[in-house]
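J.: The listed protein sequences derive, respectively, from chains A and B. For the first sequence, our numbering assigns the number 150 to the initial residue and increments by one for each residue that follows. For the second sequence, our numbering assigns the number 37 to the initial residue and increments by one for each residue that follows. Every residue gets a Cβ at the ideal spot worked out from N, C-alpha and C, and that includes glycine.
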Amino acid sequence: MKIGVFVCYCGENIGRTVDCAAVAKELSAYPGVAHAEAYKYMCSDPGQNLIKQAIKEKNLDAVVVGSCSPHMHEKTFRKACASAGVNPYMVEIANLREHCSWIHDDIPSATAKAIDLVRIAVEKVKYNEPLQTIQVPVTKRALVIGGGIAGIQSALDIANAGFPVVLVEKEPSIGGHMSQLSETFPTLDCSQCILTPRMVEVYQHSNITLLTYSEVEKVEGFIGNFKVTVRKKARSVKDEVCTGCGLCVQNCPIKKKAQSEFDESLTTRPAIYVPFPQAVPNIPVIDRSVCTYYKTGKCQMCKKVCGREAIDFDQQDTFLTFDIGAIIAATGYKLYKIDKKPEGHIYKGYGEYGYGELKDVIDGLQFERIASASGPTSGEILRPSDKKEPKKVVFVQCVGSRDESKGFSYCSKICCMYTAKHAMLYKHKVHDGEAYVFYMDIRSNGKGYDEFVRRAIEEDGVKYIRGRVSKIYEENGKYIVKGEDTIAGVRMEIDADMVVLATAMIPQPENSKVAQLLGIPYDKHGFMQEVHPKLRPVETSTGGIFLAGACHSPRDIPESVSMASAAAAKAMVLFGSDILEREPVVAKVEASTCAGCFYCQKVCAYSAIERKEIRDRQGNLIKVVAYVNAGLCQGCGTCNATCPSKSVELIGFRDEQIFAEIQSLSGF
Amino acid sequence: MAEEKFEPKVVAFVCNWCTYTGADLAGTSRLKQEPNARLIRVPCTGRIDPVFVIKAFESGADGVLISGCHPGDCHYNTGNFHARRRWTFFKELLNFVGIDSTRLHFSWVSASEGKKWVDVVNGVIDTVREQGPFLKYKEIKEHDFQEIEN
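#1: Do three or more CB pairs link the region 615-634 of chain A to the region 722-734 of chain A at distances below 8 Å?
#2: At the level of alpha carbons, what is the spacing between residue 350 of chain A and residue 692 of chain A?
#3: Any idea if residue 45 of chain B is buried or exposed, counting beta-carbon neighbours within 10 angstroms, 16 or more meaning buried?
#4: Check whether the region 462-473 of chain A touches the region 376-388 of chain A, counting contact only when three or more Cβ pairs, one atom from each stretch, lie closer than 8 Å.
#5: Report the three-state DSSP secondary structure of residue 221 of chain A (helix, strand or coil).
#6: Within 8 Å (strictly less), CB to CB, does residue 38 of chain B reach chain A?
#7: Helix, strand or coil, according to DSSP, for residue 276 of chain A in the structure here?
#8: Using a Cβ cut-off of 8 Å (strictly closer), state whether residue 670 of chain A contacts chain B.
#9: For chain C, is any of its Cβ atoms less than 8 Å away from the one on residue 666 of chain A?
#10: Against chain B, with Cβ distances strictly below 8 Å, would residue 804 of chain A count as a contact?
#11: Going residue by residue through the region 697-728 of chain A, where are the continuous alpha helix (DSSP H) segments of at least 4 residues, counting only ones entirely within it?
#12: Are residue 651 of chain A and residue 544 of chain A touching if we call contact CB-CB under 8 Å?
#13: Under 8 Å by Cβ, that's how I've got residue 744 of chain A and residue 777 of chain A pegged, so tell me the actual separation to the nearest angstrom.
#14: Smallest Cα separation from residue 355 of chain A: which of A:152, A:373, A:313 and A:336?
#15: When we look at the beta-carbon of residue 95 of chain B and count the other beta-carbons within 10 Å, is it buried (16 or more) or exposed?
#16: Based on the DSSP secondary-structure assignment, which residues constitute the bridge partners of residue 408 of chain A?
#17: Since residue 277 of chain A and residue 211 of chain A should fall inside the 8 Å C-beta cutoff, what is the C-beta to C-beta distance between them, to a whole number of angstroms?
#18: Give me whichever residues DSSP pairs with residue 641 of chain A in a beta bridge.
#19: Going straight from the alpha carbon of residue 705 of chain A to that of residue 337 of chain A, what length do you get?
#20: List, in order along the chain, the chain B residues whose C-beta lies closer than 7 Å to that of residue 810 of chain A?
#21: Short of 6 Å in beta carbon distance, which residues of its chain neighbour residue 780 of chain A, apart from the five on each side in sequence? Order them along the chain.
#22: Should residue 700 of chain A be flagged as near chain B, meaning a C-beta pair shorter than 8 Å?
#23: Taking the beta carbon of residue 125 of chain B as the centre, do at least 16 other beta carbons fall within 10 Å, making it buried, or is it exposed?
#24: Could you name the residues of chain A that residue 88 of chain B contacts, counting a contact when the two beta carbons are closer than 8 Å?
#25: Could you tell me the distance, in whole angstroms, from the CA atom of residue 47 of chain B to the CA atom of residue 97 of chain B?
#26: Scan the region 540-554 of chain A for residues whose Cβ lies nearer than 7 Å to a Cβ of chain B and list them as they occur along the chain.
#27: With distances taken between CB atoms, is the gap from residue 678 of chain A to residue 669 of chain A smaller than 8 Å?
#28: What three-state label does DSSP hand residue 266 of chain A in the structure shown?
#29: Report back the beta-carbon spacing between residue 563 of chain A and residue 654 of chain A to the nearest angstrom; my notes put them in contact at under 8 Å.
#30: By the criterion of Cβ-Cβ separation under 7 Å, what are the contact partners of residue 786 of chain A in chain B?
#31: What are the uninterrupted segments assigned as beta strand (DSSP E) that are 3 or more residues long and contained completely in the region 47-125 of chain B, given in chain order?
#32: List the residues that DSSP assigns as beta-bridge partners of residue 370 of chain A.
#33: For the beta strand (DSSP E) holding residue 298 of chain A, just list the boundary residues, first then last.
#34: Since residue 1 of chain B meets chain A, which of its residues come closer than 8 Å, beta carbon to beta carbon?
#35: I need the straight-line Cα distance from residue 443 of chain A to residue 422 of chain A, nearest angstrom please.
#36: Count Cβ pairs between the region 57-67 of chain B and the region 301-317 of chain A that sit closer than 8 Å; are there 3 or more?
Right, here's the structure in full:
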C-alpha cells in the first residue's frame, strides 16, 4: 500500500508549536509511506490540489492528513481524495491542531506528539478498506410534536411545500400559549386575531393530518425512516360525527368542579368542554376525572342532548402508526408556578411572594387572560378576588429567572417585554391607575423592543424601580410589596391592589420524556439541546430531528416562528432527495464463526441484529446466526466489543484497525 | 549521564461524540495540557474491548484513560452503560493479569466540558507520573527474550 502523508501548518495555528516540516520528514521514512509533505493551508484549493496531484503522480492508495479536528475537515479531504480516485474511506485525519498545537507550548514535545498522532493514523489507514456509502430511501412525511405557534408554523411551511405532515398536540386544541395572550408586543396587535386564521389553515390543509388530544408514544428507526406510534386519547366524543354545536357543553350540569386550563384557573369549565371558543378542532372532550357519569354511572345529559349521537362513553385510546422522514419537536414551555416546589424538579419555591395564597397575586399568563377581550372579565382589568378595578398594580420581573438560589441560572427573555406590555395595557384601561415595575435589568433587544419599553415609561407613565422584591403580604386589604430601589438606595414599600409576577419560563414537564423518546440530549432544566449553538441551532445530534420554539430555550413569538420555519426548511432539505446517503460505519457479522449466542442482539440499542438461518442444500437447518440490518445499525460498535467469538466487526473501526493504532504507540 | 526524568505515556480511548469533541473544545479554547496523552477515537465507549486496554499496556502505556458521554447522554442511547458494566468486572481481571488496576482511569466528559477534559487528562498524567513507569510487561518481555536467547 502506498500512503501519502500531508501535514498542514494551518497558517501559524499548527506551525507555531509543531515543526510541520520535521513531521513530514520523519514520516517520509515510515514504513508504507510513499509520499510526505507539509503545506501552509491543506484545506485551501491549492492545498487540496497538492493532495490530488500527489495521488496521481505517486499512485497513492491511501491518504493521511495531519490537520485540524476530523469534525472540521474530514469531509473536505475525503471529497478531494475521492475526486482524485482514492476511496474517501481510505482517508484518515490526525488531529494536530485541537489536540496538539493549540494545547501545548513546548515545540519539541508537541512535535513528538504530532509525529505519534500521524503514525497512529498511518497504521490505521493500512487496515482501512474502500467503502461505499449506504443508501437509504427517504420517507417524505414530517411529524411535528406540539401545536403551539412554533408547531403550527413548521407544519404549515412543510405542508405548503407539498409534503404531508402529521401534527400531534396533547391538548384538545391547537394554538398553545399564544391563543391565551391578549395583545402581543411590540405592536399590540391582538394575539388571537393573528393566530386563529393559521389554526384554521392547519385544520383545513389537505397535507396536514391533525391529531389533537394525542401524544407520541413510541419512536423507532432513524433519519428518513422513522416509525412513530401516536396515542390518540379517548375524547369520549366521536370526532367524525360531532358538528361542534356546543349543546352538550351548555347542558352539562357540572359547571364549577373543574378549573379552566385556558383561563389559567381564573374560571371554571364543565366536565364536557371545548377549551376556548375558537378551538381547532371545535370538538369537545369529556374530562373523565370530574364527569358524573364516570363516577356514578348516571347523568348522560350530554348524550341525551346530542342530536348526532356523537357521545361515546366507552371510547378507548387508539394507536396510530406513521412512517416519518423527519421530526420537529415544538413542545413549548410553561410558566413556573411559584407557590410550591414543582414535583421532581430542581427549583425551590417562592413562598415569600404569596402566590397561590394571596388571591390577587397572579402570574403573567393570568394577567393575559384578564386583559384579553375573550377572558373572564371581557378585557376589563378587574382583580380576581372581588372583581374590583385595582388602582395600584405592582409588576415584579425576574421571579425565578436569573435567580441561582431558586435553581434558575437563565434569563427567561420574554418577561421584560411582556411586563412592559402588561403595564401599558393596564394604563390604557385604567387611566387613573398607577403601575410599578420592579426589575433587575431591562433586556429589550429586538426590533422595536426598546422603543416599546421607553413608550411604557415615557408616554404611559409606568414607574420603573430597579431592585428586587423581598416579600409580599396582606395588610388591611392591601398587598404590601416590600423591596428596594437600588438606584436611589432606599427601601420601598408599596401598598398595591394587585401584584403580577413575571415567573420564569420552564419547559413543559413532558419535555425530557419526549427528548428521551427521540433520543436527543436535553439540559438539566429539560430544555432540548441543539447540536451546535451557532451554526446548527435547530438540528439535534440525532439526524432527522429538529427543534422549534421554546422547547429549546425561552423565546418570544417572532423567534419561535423563525426557528420553526428554519426547522421546516431543514426537514425539507431532507425531503429534497429520494435517497439518503449514510456513513458505511456499520457492524457486520462473520457467519462462519458466529456461534449464535445473540449477546450482540441483547446489547443493541437499535434492534439492528436479526436472526438468520443457515441451511444446507437440502434445506436442513445448520445453525442460526446473527445478521446486521445495515439500515438500522447506527455504528456504535457495542456488539463488536461484546461478541465472545469476535464474529461481529464494526466496519471502519475493526479490531485490527484499533490494534494497529495502539501498537503504533510502542515507540512513544 | 544524568538519569532521564520519567515522562508517563497515557493512552486515552475516547468516544467520538462527547469526549473527543470535548477535547476539541479544550483545543479551541486554548486550554493548555500536558503532552503525554495519545487519543484513540472510537465511535462509542461501548466499542472499547477490554483487550484494547491490555494491548495498550503491552504496547508500553503507563496508564490508560477511558472517557465517554455522561450516563444518559450516550449518542447511541446505551453504549456507555454497557461500557460501564464491562469495566466494573474488568478492573478485577486486570489485577489478575498483573496490571495494577489503579493505572486504568475512567471519566465522563461531555462535548461542552473542555475544562473538565483538561483536568481529567492532567490528573491522570500526574497520578501515573507518581506511580512511575509500568515495567511488569516490559520485564516479562525481556525475561522471555533472555530465555529464548539462552
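T.: To lay it out plainly:
#1: no
#2: 29 Å
#3: buried
#4: yes
#5: helix
#6: Note that residue 38 of chain B has pLDDT 47, beneath the 50 cutoff, so the model's placement of it is unreliable and no number is given.
#7: coil
#8: yes
#9: Within the model displayed, chain C is absent; protein chains A and B are what it includes.
#10: yes
#11: 706-724
#12: yes
#13: The pair is not a contact, with the Cβ atoms about 16 Å apart (cut-off 8 Å).
#14: A:313
#15: buried
#16: A:417
#17: 6 Å
#18: A:632
#19: 14 Å
#20: 76
#21: 285
#22: no
#23: exposed
#24: 807, 808 and 811
#25: 6 Å
#26: none
#27: yes
#28: helix
#29: 7 Å
#30: 78, 79, 80, 82 and 83
#31: 73-78 and 99-104
#32: A:375
#33: Segment 298-309 is the alpha helix (DSSP H) holding residue 298 of chain A; no beta strand (DSSP E) there.
#34: Examination of residue 1 of chain B is not possible in this model, given that chain B is present from 37 through 186 alone.
#35: 15 Å
#36: no
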